[in-house]
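> In mature numbering (1 follows the signal peptide of the UniProt record, and there is no 0), the protein residues as written are -23 to -1, 1 to 1056. All residues carry an ideal CB built from backbone N, CA and C; glycine is no exception. Note that this is a predicted model, so its numbers are computed, not measured. Here it is, the structure in full.
The following block contains the structure:
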């Protein structure tokens, strides 16, 4: 049977590199009888294409294929000149910045195509794998990127040459600049990045190694850009950097650098005592906007802070030759690769030039080899010909050192224009001469007028500034000694007193409860003891659920000292009161927090050994999630999760330290809809759940309650009673998914697995890890990210609850405008009457919520009508013999609306009706409704007020007309609103219409007539009918003018009047003359 040797080799290569190398050494690809007679040259180019969406969804690399290939093409055009009589074959391999793709492409090009040289890869991880492979085969590899320090080890990378300077060279530039000012103590801070893109990690690691090798005292730390807020940067500067260094070197995105500088400015660290340096790795938008200006309120502070910031970056070539080269690269990229530099905000950078120079360098070395009769396939010799040489590249002279690395020049940028905050080049570092040279005429503007000192005069912590007074030294020592003696004595006394109190508390056993002191609802409950008593979500006495359903839950409740308590049985035959048990009980008594259930006590009398805690009548979080009748919106879910985080944060920072059994059934909800953590602590008192192996009958339950357990605990022969803090974080992640999806615990879509099968999959820890479903189409991105971090396989990769508290606070912040009560008002109103007596008995808090609900109801309906509805009585329609109705609208509102935005119209109406409402409250009237710019008010209903309804509405109309004259439109302050008012008195019928959002409506011809009075009126006048004029005449104070007959739609000609004002007496009061209406 014939075997395809190439196919076999390709298969083995995918398995492991060592095996791959062994096999390839047995089979040379495309070997020719005499290499010296070769006239062909095969070139492999390994680069990522734009865009690499999987890895870089929101930023660009500085060395994409579409950017570098035009430059490589331009260099390859010169090969007939450099290598006459050679045929060139160019290959391209996609790397995606992933080692597996790059290695596979290199293998195919070398094995199948016989590639003679490889240009690229560019990313560090891909370049490392390919370099190791090609080094074994002694094939030259020349790259214009891959700047990590690790490539300097020849035994692993013997044939790699870099035409872009490695980060180590930048470290040397930084070192030499620092030595100019005798700086020795430095702090390196950089952003944490995930593989394969860890440029800041590689750069700062190289700089750190260079400084350490030279004897610098350097410290480094990283941070996570995604979760760091202003307080985190303040903490980093205050607690980590300030006590260790005054010279700070940073590598991060432009936004993070700005946040750090703003935090430093806030802490007073930009006054000249500190110097900050930004390592700007690439002349690219890879790091975003690196300037201080954002157009926000912090711009001025940022500009001042950036005076203390200087930037190290590669020196940008500014020769006419390079500018012409850049223009041609852009033209070729658009023509040959359909790529526009301008469209992605990029320029032709040094990486593009480095790949061009890589081709020239290889061609020069190959040409020399051929001229001397050497073997062109001797990659090691060919590689060494490229080292220790200088040639003219597209960016100027290119010098390659003895390690195959390019020497590079760097620039130092500093803010020279303080007024405008503009950075310019202050100096250059010559990589060949190893020398820093300031730019003539440019002086570094130190905020403190002089460079910062390496160590402050008083030391980093003020340890060097102890004032010595020879005359008072003895007195000072005596006083210090006395203070120390007093402090020590006080500490001893406090310790003894606390020790005594502790022993007294342990001996008193105030937590101990006798079973006889607990009363149950009925005799049957007492006889059953701990067999279980049924309670509802509402209380231990009622059979109705607080949500209006009939779902029941089972728990054990009883009454102790008049309060209902929850009782949990502990599976122990007897209790030995050791010191550890007594201390555990004391700790439980000391615990107190809004989101942790209060420990009442414990009963240690067999067979009723149990723990008593605060009773939460709404049931557990699991009960609420499984109740389909309960609607939970996004804000409600975030509130519940935030409560859990706050409770767990308190436990982890208390003497309890861990929970060990966190799950949704151990998160209970009290009658104020606050989630509390329960079933924690007392680890030495409780019987461990896993003390016995499960039988077949309880196997399901055994594995079911372990679905919240972390994988590292499941793999242990016996899980610790208290678990670990990181395991609690994993359990919280499971609860988050449970709350968001409201499915069963550990819900996996389209998969039907038993709890036992799920546990076994989690314990295996295969890649990818087996976790519950997270669908980004139904789950917010923030929650998906939170869950993935919480249930990470490696415990150290999980956040702690202090970080989770920050994250949940941000998620919950967008809902701060609405209170939890506002979200529940619509539901609570439905059952408020039935549960009012119960809620009043349980908590005073509900009274406040009930008051708010009533105020809201009174804003919607008249108080008498609302009171009838609250009593459950139907509101029947009622006739009123005579009321007065007011109608008004804004003249020219349509044209004003067309000139304004919708938001401006809303603001206008809100301001206007807020003004009107404040005036209306001063009169005995009822605001019926507003429709657009129309405003309707009535008086004389629902409470009759005799004939005063006409007077109240008339006075209100005059007040509104006066107020409109001084009303200012926010977005058009020079424009004045004009009001048109119509009044009419007559009979109406009023009643409540509708069940959902009920409205108190008026019916009758009087309403229509009042509307006609308004529509037939004039701007800034009060148009009244003869019926209201007749009533107003009885008061004798109103000034009324006859308008005449007016044709009204559906009414014919009507005699109408203008209400001009009201007479006042000499004291400014109205003359309240009144006459009875003649019958």
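1. With distances taken between CB atoms, is the gap from residue 48 to residue 333 smaller than 7 Å?
2. Considering only the alpha carbon of each residue, which of 979, 297, 41, 960 lies closest to residue 1037?
3. Report the rounded CA-to-CA distance for residue 467 versus residue 633, giving the unit in angstroms.
4. With three or more C-beta pairs closer than 8 Å as the rule, is the region 601 to 614 touching the region 561 to 578?
5. Using 7 Å as the threshold, is the C-beta distance between residue 345 and residue 366 below it?
6. Confirm the yes/no value for this check: CB of residue 405, any heavy atom of the ligand NAP, distance under 6 Å.
7. Let's see if you can read the secondary structure: which residues bound the beta strand (DSSP E) around residue 100?
8. Our contact map puts residue 221 next to residue 408 with C-beta atoms below 8 Å; I'd like the distance itself, whole angstroms only.
9. Going by CA-CA distance only, name the one from 247, 291, 973 that's closest to residue 280.
10. For residue 218, which three-state DSSP category applies?
11. Does any C-beta atom of chain C lie closer than 7 Å to the C-beta of residue 222?
12. At which residues does the alpha helix (DSSP H) containing residue 133 begin and terminate?
13. Using a Cβ-Cβ cut-off of 6 Å (strictly less than) and excluding sequence neighbours within five positions of residue 986, which residues of its own chain qualify?
14. By DSSP, does residue 321 sit in helix, in strand, or in coil?
15. Under three-state DSSP, which class holds residue 181?
16. Does residue 984 pass the burial test, meaning 16 or more other C-beta atoms within 10 Å, or should it be called exposed?
17. Once DSSP output is grouped into helix, strand and coil, what is the label at residue 193?
18. On the premise that residue 915 lies in contact with residue 903, defined as a C-beta separation below 8 Å, what is that separation, rounded to the nearest angstrom?
19. Give the range of the alpha helix (DSSP H) segment to which residue 854 is assigned.
20. What's the gap between the Cα of residue 371 and the Cα of residue 183?
21. If we count the other Cβ atoms within 10 Å of its Cβ and call it buried at 16 or more, is residue 741 buried or exposed?
22. Rounding to the nearest angstrom, what Cα-Cα distance links residue 355 and residue 284 in this structure?
23. Report the option in 402, 993, 717 whose CA atom is closest to the CA atom of residue 957.
24. Can at least three beta-carbon pairs, one atom from the region 53 to 62 and one from the region 87 to 101, be found at a separation below 8 Å?
25. Use the C-beta contact count for residue 713: other C-beta atoms within 10 angstroms, 16 or more gives buried, fewer gives exposed.
26. What do you get for residue 435, buried or exposed, if any count of 16 or more other CB atoms within 10 angstroms of its CB means buried?
27. Can you list, in chain order, the residues of its chain with a C-beta nearer than 8 Å to that of residue 1017? Leave out the 5 residues immediately preceding and following it.
28. Which term fits residue 23, buried or exposed, when burial requires 16 or more other beta carbons within 10 angstroms of its beta carbon?
29. Starting from residue 1031 and walking both ways along the alpha helix (DSSP H), at which residues does that stretch end?
30. Select from 639, 1039, 846, 270 the residue whose C-alpha is nearest the C-alpha of residue 397.
31. CA-CA distance, residue 845 and residue 911?
32. So, do the region 537 to 547 and the region 582 to 598 have three or more beta carbon pairs nearer to each other than 8 Å?
33. Does the beta-carbon of residue 677 have 16 or more other beta-carbons within 10 angstroms, so that it is buried, or is it exposed?
34. Would you say residue 732 and residue 684 are within 7 Å of each other, going by their C-beta atoms?
35. To the nearest angstrom, how far is it from the Cα of residue 1057 to the Cα of residue 27?
Well, looking at it:
1. Result yes, Cβ atoms of residue 48 and residue 333 sit closer than 7 Å.
2. 960
3. 28 Å
4. No: fewer than three Cβ pairs fall under 8 Å.
5. no
6. As presented, the structure is devoid of all ligands, the ligand NAP included, so that no description of it is given.
7. Note, residue 100: premise wrong, no beta strand (DSSP E); not H, not E.
8. Actually they are not in contact, since the Cβ atoms of residue 221 and residue 408 sit about 30 Å apart, beyond 8 Å.
9. 247
10. helix
11. Here chain C cannot be found, since the structure has a single protein chain.
12. Taken as a continuous stretch (DSSP letters only), residue 133 belongs to no alpha helix (DSSP H), as it is neither H nor E.
13. Same-chain partners within the cutoff: 961.
14. Reduced to three states, the DSSP call for residue 321 is helix.
15. helix
16. Here residue 984 is buried, its C-beta having at least 16 other C-beta atoms within 10 Å.
17. coil
18. Your pair residue 903 and residue 915 checks out as a contact, with CB atoms roughly 5 Å apart and the cut at 8 Å.
19. Neither: residue 854 is in no alpha helix (DSSP H) and is coded neither H nor E.
20. 27 Å
21. exposed
22. 54 Å
23. 993
24. Look at the beta carbons and you see the region 53 to 62 not touching the region 87 to 101: under three pairs across the two are nearer than 8 Å.
25. Buried is the label assigned to residue 713, since at least 16 other Cβ atoms lie within 10 Å of its Cβ.
26. exposed
27. Excluding sequence neighbours, residue 1017 sits near 1001, 1006, 1009, 1010, 1034, 1035, 1036, 1037.
28. buried
29. Here residue 1031 belongs to no alpha helix (DSSP H); instead the beta strand (DSSP E) covers 1029 to 1039.
30. 270
31. 29 Å
32. yes
33. Exposed, because fewer than 16 other Cβ atoms sit within 10 Å of the Cβ of residue 677.
34. yes
35. As displayed, the chain neither begins before -23 nor continues past 1056, which places residue 1057 out of reach and without an answer.
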